[in-house]
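**Q** Starting off with a structure, shown below.
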Amino acid sequence: CLYCRAMERLYYIWNNLKSTFWFVPVFIMLGAMLAALVFLRIDGLVELEPEGIGKFLFVRSIDSARSVLSTISGAMISVAGVVFSVTLVALTLASNQFGPRLIKNFMYVRLNQVVLGTYIASYIYCLIVLNTIQDVDGPSFIPSLSILLALVMAVANIVLLIIFIHHIAVSIQADKVIADIYEAVSKHVEVLFPEKIGEGVADTDAWDLSTEKSSYSHCTVLTAGKSGYLQFINGETLLRQVSDADALLELDYRPGGFLIEGLEIGRLYSHETPDQQLMKHLQHQFLVGNTRSSQQDIEFSIHQMVEIAVRALSPGINDPYTAIAVIDNLTATMSYLAQVRFPSPYRSDEAGTLRIAADTIHFEGVLDAAFNQIRQYSGGCVATIIRLMEALTTIDQFTADPKADAAVLKHAQMVLNLGKGTIQEPVDLRDLEVRAARILKD
17 CLYCRAMERL
27 YYIWNNLKST
37 FWFVPVFIML
47 GAMLAALVFL
57 RIDGLVELEP
67 EGIGKFLFVR
77 SIDSARSVLS
87 TISGAMISVA
97 GVVFSVTLVA
107 LTLASNQFGP
117 RLIKNFMYVR
127 LNQVVLGTYI
137 ASYIYCLIVL
147 NTIQDVDGPS
157 FIPSLSILLA
167 LVMAVANIVL
177 LIIFIHHIAV
187 SIQADKVIAD
197 IYEAVSKHVE
207 VLFPEKIGEG
217 VADTDAWDLS
227 TEKSSYSHCT
237 VLTAGKSGYL
247 QFINGETLLR
257 QVSDADALLE
267 LDYRPGGFLI
277 EGLEIGRLYS
287 HETPDQQLMK
297 HLQHQFLVGN
307 TRSSQQDIEF
317 SIHQMVEIAV
327 RALSPGINDP
337 YTAIAVIDNL
347 TATMSYLAQV
357 RFPSPYRSDE
367 AGTLRIAADT
377 IHFEGVLDAA
387 FNQIRQYSGG
397 CVATIIRLME
407 ALTTIDQFTA
417 DPKADAAVLK
427 HAQMVLNLGK
437 GTIQEPVDLR
447 DLEVRAARIL
457 KD
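First residue of the sequence shown: 17, per the working numbering; consecutive thereafter.
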């Protein structure tokens, strides 16, 4: 339906906007401008007579009002520059230590966006209020309530600066970065698979794809409209368009794959030759960008953690403890995935007719993405090799599918082979073999 298509597009756009530095600050600045107009209007309608504690809170002279607003505005824009500098330094450190692909994760943090927006908004607010103070050609106008709000904002910004500095100090720690990525994967693991295009068939052998394709007389190649990474598949619309054409679409790529303009990404089987407009509409359901996105690509989030471990295992850094932390979090993720039913590659319409044969992700592929590179870079590092074997032993306890169990055993054997080839100390090798015996029973 049109509503579903619009919501999918909005969800994709919203997730991209959340990772920008300008989106939230712009709205905060607009809010500050609106607040300035509202409070100035109140000051123009209500004449306040300071009494009691109000004598210490409200400004009563033109010079004092201008001095307060000028001081606050100057301080806010100066601190805003400091915040920008601290943020850029944190991004540089994160890029050098954890990899440039993790920068977007830091940009997603709402506190960073709020702090940047708040200081700039306070500066704009003070400028607007300062411009309304009058002392010539008529009665003087001192917006006391608006100035009081500026004072409150200044105090709040001091507290916010302390919180921001603490957050930056914590956010660049390896354990915190790894934990944040793990939490993101855990929250989105159910939606990171390719979009459910219709109702999936539980038994992947329920459809004979060759037989289904042979029932159509025409085969048209679907090509990529542009080069880049496949970020998002508009599943519901794709199913509707294929169903309306009474056709079958076979896909060769899933989110995360790199496409080249003109590359064959699938085939449309139909009873009649499809027109070019239909093929263009199908192309438009595949959103392609310059970078990978985690919205429908679970392997991208896995690779982010793997990159941290690989960098930690490099000779220049040599930090096995960070690699072990990554392995521990990957173990939790893979233990969960070992229990879930991965989506069927087959999608049917409401009438039960097969419409799409998709290239879906599977447990073996995710397990390879999680542990292959870490194992390859762990040669000679006893601590990480042993932790890899312990991780696979834990994951094996959660596998319910024979194929998943076979994949875990394959990785355990590869880790054992690595240990035998690179561990020189017999006692260390014996420790590895003891752990391997728990999973490689035969």
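Just so you know, even glycine gets a beta-carbon here, dropped at the ideal spot from N, CA and C.
Going by DSSP, which residues form a beta bridge with Cys235?
**A** Partner(s): Tyr285.
**Q** Give the range of the alpha helix (DSSP H) segment to which Leu104 is assigned.
**A** Residues Ile78 to Phe114.
**Q** Out of Pro336, Asp375 and Val102, which has the shortest C-alpha to C-alpha gap to His182?
**A** The shortest Cα separation from His182 among Pro336, Asp375 and Val102 belongs to Val102.
**Q** In the DSSP assignment, find the unbroken beta strand (DSSP E) run with Arg391 in it and report its ends.
**A** Careful: Arg391 lies outside any beta strand (DSSP E), inside the alpha helix (DSSP H) at Phe379 to Gln392.
**Q** Return the chain-ordered list of same chain residues with a C-beta closer than 6 Å to the C-beta of Ala423, the five sequence neighbours on each side being excluded.
**A** Within the same chain, Ala423 has close Cβ partners Glu380 and Leu383.
**Q** Would Thr369 be called buried (16 or more neighbouring beta carbons within 10 Å of its own) or exposed?
**A** Under this definition Thr369 is an exposed residue.
**Q** Three-state secondary structure (DSSP) at Ser364?
**A** Looking at Ser364 - three-state DSSP - the assignment turns out to be strand.
**Q** So, are the CB atoms of Leu225 and Gln257 less than 8 Å apart?
**A** Taking 8 Å as the Cβ cut-off, Leu225 and Gln257 do not qualify as a contacting pair.
**Q** Where DSSP assigns a beta bridge to Leu265, which residues make up the other side?
**A** According to DSSP, Leu265 bridges with Leu284 and Ile372.
**Q** Around the Cβ of Pro41, are there at least 16 other Cβ atoms within 10 angstroms (buried) or fewer (exposed)?
**A** When all chains shown are included, Pro41 counts as buried.
**Q** Count the other CB atoms within 10 Å of the CB of Phe180; is the residue buried (16 or more) or exposed (fewer)?
**A** Answer is buried; the Cβ neighbour count reaches 16.
**Q** For Gly47, name the three-state secondary structure that DSSP assigns.
**A** Reduced to three states, the DSSP call for Gly47 is helix.
**Q** Determine the closest residue to Leu85 out of Asn147, Pro331, Lys242 and Trp38, with distance taken between C-alpha atoms.
**A** Taking only the C-alpha atoms, the option nearest Leu85 is Asn147.
**Q** Cα separation between Gly251 and Leu176?
**A** Going by the C-alpha atoms only, they are around 42 Å apart.
**Q** Got a sec? Which residues, its chain only, sit under 6 Å from Asp421 by beta carbon, not counting five neighbours each side?
**A** Same-chain partners within the cutoff: Thr415.
**Q** With distances taken Cα to Cα, identify the nearest neighbour of Glu315 among Ile197, Val450 and Gly395.
**A** The option with the nearest alpha carbon to Glu315 is Ile197.
**Q** Between the alpha carbons of Phe248 and Ser309, how many angstroms are there, rounded?
**A** Distance between the alpha carbons of Phe248 and Ser309: 8 Å.
**Q** Count the other C-beta atoms from every protein chain shown that fall within 10 angstroms of the C-beta of Asp313, then say buried if there are 16 or more, exposed otherwise.
**A** Buried, because 16 or more other Cβ atoms sit within 10 Å of the Cβ of Asp313.
**Q** What residue from Thr36, Asp335, Ser83 and Glu323 has the CA that sits closest to Arg117's CA?
**A** When only C-alpha atoms are compared, the closest one is Glu323.
**Q** Could you tell me which of Ile439, Val326 and Tyr141 sits nearest to Leu46, measuring between CA atoms?
**A** Among Ile439, Val326 and Tyr141, the Cα nearest to that of Leu46 belongs to Tyr141.
**Q** Using CA coordinates, which residue listed in Asn173, Tyr139, Gly60 and Ile188 is at the minimum distance from Leu104?
**A** That would be Ile188, whose Cα lies nearest to the Cα of Leu104.
**Q** Determine, using beta-carbon pairs with one atom in the segment 280-292 and one in the segment 223-239, whether at least three such pairs fall under 8 Å.
**A** Because the criterion of three Cβ pairs below 8 Å is met, the segment 280-292 and the segment 223-239 touch.
**Q** Just list the alpha helix (DSSP H) runs in the segment 299-359, keeping only unbroken ones of 4 residues or longer that don't cross its boundaries, in chain order.
**A** Counting whole runs of 4 or more residues, the segment 299-359 contains the alpha helix (DSSP H) stretches 314-328 and 336-353.
**Q** Start and end of the beta strand (DSSP E) containing Gly244?
**A** Its beta strand (DSSP E) spans residues Gly244 to Ile249.
**Q** With distances taken from CA atoms, which of Phe157, Val99, Arg451 and Ser160 is nearest Tyr135?
**A** Looking at the Cα atoms, Val99 is the closest of the given residues.
**Q** I need the boundaries of the alpha helix (DSSP H) containing Cys6, first residue and last residue.
**A** A question about residue 6 goes unanswered here, because the residues of the chain that appear run from 17 up to 458.
**Q** Using only the alpha-carbon positions, how far apart do Met169 and Thr409 sit?
**A** Using only the alpha carbons, I get a separation of about 55 Å.
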